[in-house]
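The sequence shown runs 9 to 308 under my numbering. Notes to accompany the following structure.
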Amino acid sequence: MGLTLDQALGQLDITAIAFRRVELPETVLAPAAPGLVHFIAVLGGSGTLDGAPEPIPVTEGELLLLPEQMELRPSPELVLAHGLLGATLLDGRSLFALLPLPHRLNAAGTELLTGAIPEMLRESAHGGAGSAAIVTCLARRLVTTLVRDAWPKPDEISPAGVASQQERLGKIVDLLKKDPAREYTLDGLAQAAGMSRTVFHRLFTRTYGSSPLAMLREFRMKRAQALLSETDMPIKTITARLGYRSRSHFWKLFKDAHGIDPSNSACRAGVDDIFSRELSQTAGGPRLIGQIQPLLWRKS
9 MGLTLDQALG QLDITAIAFR RVELPETVLA PAAPGLVHFI AVLGGSGTLD
59 GAPEPIPVTE GELLLLPEQM ELRPSPELVL AHGLLGATLL DGRSLFALLP
109 LPHRLNAAGT ELLTGAIPEM LRESAHGGAG SAAIVTCLAR RLVTTLVRDA
159 WPKPDEISPA GVASQQERLG KIVDLLKKDP AREYTLDGLA QAAGMSRTVF
209 HRLFTRTYGS SPLAMLREFR MKRAQALLSE TDMPIKTITA RLGYRSRSHF
259 WKLFKDAHGI DPSNSACRAG VDDIFSRELS QTAGGPRLIG QIQPLLWRKS
């Protein structure tokens, strides 16, 4: 089963780091870490990027994706925006591994060069609250624009090499458990498992007794309970950290899962901890703790 561009974009985990303006002579752009590629926007001038097998001629207005192993030396007349991009599919492959690199796009006169990229540079330099989220959002837009005209036909993309259906399903479970806050769709998970949506949903539910998105909700609620009982993190922050945009929706799901409101969960956890410490210091306390704690957390 092939992978369309829309399917790929719907499951991407984007990484965007070290975005900066480059205009100093003799600047060297070091090779990127594995899984990342160089992103370059030519903000001004014309010249070459040396360090590849052959110098790469560039001119103002061009956007480029270059392989990670390249060490690049821009010619002095160039003014660049440079950063490192990663785009990982649910099955662990890099989106850029499916594209022929180097890849370039002429974006002269577009809003990318006059708006999005300058904003990325400002937010990267600022580094304040919310900056990383803004940079990642803008990087997703850049990746979409850069790859849409170079995306291979779906039947030209080899499926991820997973040996059996059971291993594929297990990989999805591990993914949901490891990163429950990520935005998942049934189509994206099915694609990562190398199955059609219908087959994936049927096999997953038959194997685990729960649908993929129901299992994701269970993992999120367990994580929420742990954060409420072990940290002083505000409920609003926990809601966002677990991938929910609506606090009321999170509130309802938590109460459905645990039988109590999130605010009561935090309070009961605090009382429970104090009570347990006091009781553990009395004769027979440890045994009584095991009998009383379930009553404190019993569903109403």
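Positions of the beta carbon are idealized from the N, C-alpha and C atoms, including for glycine. Small disclaimer: the values here were computed from a predicted structure and weren't measured.
Query                                                                                                                                                                                                             : Result
Do you know whose CA, among Asp-240, Arg-214, Ser-204, Ile-246, lies nearest Leu-11's CA?                                                                                                                         : Ser-204
List the residues that DSSP assigns as beta-bridge partners of Thr-206.                                                                                                                                           : Beta-bridge pairing links Thr-206 to no other residue.
With burial defined as no fewer than 16 other Cβ atoms inside 10 Å of the residue's Cβ, what is the status of Ser-218: buried or exposed?                                                                         : exposed
Since Ile-125 is in the beta strand (DSSP E), which residue starts that stretch and which ends it?                                                                                                                : No beta strand (DSSP E) holds Ile-125; the alpha helix (DSSP H) holding it covers 125 to 134.
Output the distance between the C-alpha atoms of Thr-56 and His-46, rounded to the nearest integer angstrom.                                                                                                      : 15 angstroms
Give the list of continuous alpha helix (DSSP H) stretches no shorter than 4 residues that lie fully inside the segment 220 to 262.                                                                               : 220 to 238, 243 to 249
So Asp-21 and Arg-231 are in contact, right, with Cβ under 8 angstroms, and what is the actual spacing, rounded?                                                                                                  : Actually they are not in contact, since the Cβ atoms of Asp-21 and Arg-231 sit about 18 angstroms apart, beyond 8 angstroms.
Using a 10 Å radius around the Cβ and a threshold of 16 neighbouring Cβ atoms, would you call Pro-63 buried or exposed?                                                                                           : exposed
Could you check what DSSP says for Trp-305 in three-state terms: helix, strand or coil?                                                                                                                           : Residue confidence for Trp-305 is low, a pLDDT of 40 falling below 50, so the modelled location carries little weight; the figure read from the coordinates is stated next. In the structure shown, Trp-305 sits in coil (DSSP, three-state: anything other than H, G, I, E or B).
Mark Ser-271 as exposed unless 16 or more other C-beta atoms lie within 10 angstroms of its C-beta, in which case mark it buried.                                                                                 : exposed
To the nearest whole angstrom, what separates the beta carbons of Leu-51 and Val-87, a pair I think is in contact under 8 angstroms?                                                                              : 5 angstroms
How far does the beta strand (DSSP E) with Ser-54 in it extend, from its first residue to its last?                                                                                                               : 54 to 58
Near Ala-171, which residues of its chain fall below 7 angstroms by C-beta distance, leaving aside the five closest residues on each side in sequence?                                                            : Low per-residue confidence applies at Ala-171: pLDDT is 44, beneath 50, and the placement is therefore not dependable, though the value from the model is reported in the following sentence. No residues qualify anywhere along the chain.
Thinking C-alpha only, which one of Leu-150, Ala-38, Arg-101 is nearest Ala-124?                                                                                                                                  : Leu-150
Any idea what DSSP makes of Arg-81, helix, strand or coil?                                                                                                                                                        : strand
According to the neighbour-count rule (16 or more other Cβ atoms, all chains shown, within 10 Å of its Cβ), is Glu-85 buried or exposed?                                                                          : exposed
For the beta strand (DSSP E) that contains Gly-91, what are its first and last residues?                                                                                                                          : 87 to 96
Any idea what DSSP makes of Arg-112, helix, strand or coil?                                                                                                                                                       : strand
The ligand FAD and Pro-270: does the residue's C-beta get closer than 7 angstroms to at least one heavy atom of that ligand?                                                                                      : The ligand content of the structure shown is nil, which means the ligand FAD is not present either.
Thr-122 by DSSP, collapsed to three states: which one?                                                                                                                                                            : helix
Are there 16 or more other CB atoms within 10 angstroms of the CB of Pro-42, so buried, or fewer, so exposed?                                                                                                     : exposed
Does DSSP put Asp-280 in a helix, a strand or coil?                                                                                                                                                               : For Asp-280, the pLDDT reaches just 43, beneath the cut-off of 50, and the residue's location in the model is therefore unreliable, although a value from the coordinates is still provided. It is helical.
Helix, strand or coil: which one does DSSP assign to Arg-190?                                                                                                                                                     : coil
Can you tell me the Cα-Cα spacing of Glu-31 and Leu-37, whole angstroms?                                                                                                                                          : 12 angstroms
Whether or not the segment 220 to 238 and the segment 252 to 272 are in contact is what I'm after, with contact meaning three or more pairs of Cβ atoms, one per stretch, closer than 8 angstroms; do they touch? : yes
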